[in-house]
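Student: Residue numbers (our numbering), protein chains in the order written: chain A, 105 to 262; chain B, 105 to 262. Beta carbons: idealized from backbone N, C-alpha and C, even for Gly. One structure follows; several queries about it will come next.
Number of protein chains: 2
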Amino acid sequence: MFSQTTEYALRAAVRLAEAGERSLTTAEIAGDTKVPAGYLSKVLQQLTRAGLVRAVRGLRGGYRLSGPPDSITVLDVVNAVEPMRRILHCPLGRTEHTTLCPLHRQLDDAVAQVEAQLQDKTLADLLTGPRETDSVSTVPGLTTQPTCLGLGAPGTDG
Amino acid sequence: MFSQTTEYALRAAVRLAEAGERSLTTAEIAGDTKVPAGYLSKVLQQLTRAGLVRAVRGLRGGYRLSGPPDSITVLDVVNAVEPMRRILHCPLGRTEHTTLCPLHRQLDDAVAQVEAQLQDKTLADLLTGPRETDSVSTVPGLTTQPTCLGLGAPGTDG
């Protein structure tokens, strides 16, 4: 139901949300999210074009979210790479159909339901641990994250 | 969210549900559903392989549903061509993750929700008019169907 591209974009977005203020290079994100670097590079470009991510130049450059994780919904990320398409008109182009037939009504209902569900969650909701910039980096253990994106030390997350 | 193949399979299934006991040729279904005949032919093979449709040989041969429309769910048709995939394990293969992370929990919830919705509807639910074999064919108007699959005479459906 969700494409590979969508899955990869969400992994990257969650990883960047975890990193907080810190920029991450494509190589870092690729390693943590297990997304092939070339594929990831294109996905990051799409997220940048959509205004969700921004490229940071310089020695400590890379990518970071363009806003706080609670300002970006899961739907924003999905729509940046593979927009959810509502069925607004008869896909068969029947002009006499001013309303959708039962089949397309049913399919559109399903899309609407998912759209609402994804809009209801922000990237912040997908972080169950502290963000890296929230934690005291000298205290071991505090920077681990319970996501599956390569951040939690094995065995330390639930 | 739903692929072209899924859309075409559903159009064909609804068209066959409307036809009831009558077999339809690939050309007839293609014309009514506006699906390219070559593409439709492959879709019908997938539906046949899944046991939802059967090929009828002979002069009045073609395709028909293998059971009554109320015995086939929308999910059956979707799964016959592009199975809904639940997320049961960490897609990153992290063995230390015995439960899904919040991201994949969220995505799986969306898939589960759609799955339940599509399982709750049968092809019969998508037919708002009488089936062709239910109607008296000598009475004009009774065979029109309010779907968008080319069956309703223009202007006669809601």
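When DSSP labels each residue in this structure, what does A:Ala113 get in the three-state scheme?
Tutor: Walking along the first sequence from the start, residue 113 of chain A turns up at place 9. Residue state, collapsed to three classes: helix.
Student: Within 8 Å of any Cβ in chain B, is that where the Cβ of A:Thr129 sits?
Tutor: Numbered from its first residue, the first sequence carries residue 129 of chain A at position 25. False, the Cβ-Cβ gap to chain B never drops below 8 Å.
Student: So the candidates are A:Tyr143, A:Val157, A:Ala117 and A:Arg190; which of them puts its Cα closest to the Cα of A:Ala220?
Tutor: Start at 1 with the first residue of the first sequence, and residue 220 of chain A comes out as number 116. The option with the nearest alpha carbon to A:Ala220 is A:Arg190.
Student: Within the same chain, show all residues whose beta-carbon is closer than 8 Å to that of B:Ala228, passing over the 5 residues directly before and after it, in chain order.
Tutor: Here residue 228 of chain B refers to the residue found at position 124 when the second sequence is read from its first residue. Same-chain partners within the cutoff: Ala121, Pro172, Pro173 and Asp174.
Student: Would you report the Cα separation of A:Arg161 and A:Gln210, rounded to the nearest angstrom?
Tutor: In the first sequence, the residue the question calls residue 161 of chain A occupies position 57. In the first sequence, the residue the question calls residue 210 of chain A occupies position 106. Each residue's alpha carbon lies about 47 Å from the other.
Student: Measuring CB to CB, does B:Ala184 end up less than 8 Å from B:Leu148?
Tutor: Here residue 184 of chain B corresponds to residue number 80 of the second sequence, with the count starting at 1. Here residue 148 of chain B corresponds to residue number 44 of the second sequence, with the count starting at 1. Cβ distance not < 8 Å, so B:Ala184 and B:Leu148 don't count as in contact.
Student: Quick one: is A:Arg153 buried, meaning 16 or more other Cβ sit within 10 Å of its Cβ, or exposed?
Tutor: Position 49 of the first sequence, counted from the start, is the residue given in the question as residue 153 of chain A. Flag for A:Arg153 reads exposed.
Student: Of the choices A:Ser170, A:Leu163 and A:Asp212, whose alpha-carbon is the least far from that of A:Gly155?
Tutor: Stepping through the first sequence from its first residue, residue 155 of chain A is reached at position 51. The option with the nearest alpha carbon to A:Gly155 is A:Ser170.
Student: Does B:Gly155 come out as helix, strand or coil in the three-state DSSP assignment?
Tutor: Within the second sequence, residue 155 of chain B is the residue found at index 51, counting from 1. Three-state DSSP puts B:Gly155 in coil, outside helix and strand.
Student: Please state the DSSP three-state secondary structure of A:Gly162.
Tutor: Taking the first sequence and counting its residues from 1, the one referred to as residue 162 of chain A is at position 58. The answer is coil: DSSP assigns A:Gly162 none of H, G, I, E or B.
Student: Just curious, the alpha helix (DSSP H) that B:Leu207 is in, first and last residue?
Tutor: As a first step, residue 207 of chain B is located in the second sequence; it is residue number 103 there, counting from the start. That run of the alpha helix (DSSP H) goes Pro206 to Gln223.
Student: From the beta carbon of A:Asp174, is the nearest beta carbon of chain B less than 8 Å away?
Tutor: One-based indexing of the first sequence puts residue 174 of chain A at position 70. Not one chain B Cβ lies under 8 Å of A:Asp174.
Student: For A:Arg168, which beta-bridge partners are listed by DSSP?
Tutor: For the purposes of this step, residue 168 of chain A is identified with residue 64 of the first sequence, where counting begins at 1. Answer by DSSP bridge pairing, in chain order: A:Arg158.
Student: With 16 other CB atoms within 10 Å as the buried threshold, where does B:Arg115 fall?
Tutor: Here residue 115 of chain B refers to the residue found at position 11 of the second sequence. Classification for B:Arg115: buried.
Student: Compare the C-beta of B:Pro140 against all C-beta atoms of chain A and say whether one is closer than 8 Å.
Tutor: Working through the second sequence from its first residue, we reach residue 140 of chain B at position 36. Cβ-Cβ to chain A under 8 Å: no for B:Pro140.
Student: Using beta carbons (cut-off 8 Å, strictly below), is A:Val215 in contact with chain B?
Tutor: The sequence position of residue 215 of chain A within the first sequence is 111, counting from 1. It does; some Cβ of chain B falls within 8 Å.
Student: Measuring straight from C-alpha to C-alpha, what distance separates B:Val215 and B:Leu163?
Tutor: Here residue 215 of chain B refers to the residue found at position 111 of the second sequence. Here residue 163 of chain B refers to the residue found at position 59 of the second sequence. Taking the straight line from one Cα to the other gives about 43 Å.
Student: Between B:Ala113 and B:Val182, what straight-line distance do the alpha-carbon atoms span, to the nearest angstrom?
Tutor: What you label residue 113 of chain B is simply residue 9 of the second sequence in a count that begins at 1. What you label residue 182 of chain B is simply residue 78 of the second sequence in a count that begins at 1. When rounded, the distance between both Cα atoms is 7 Å.
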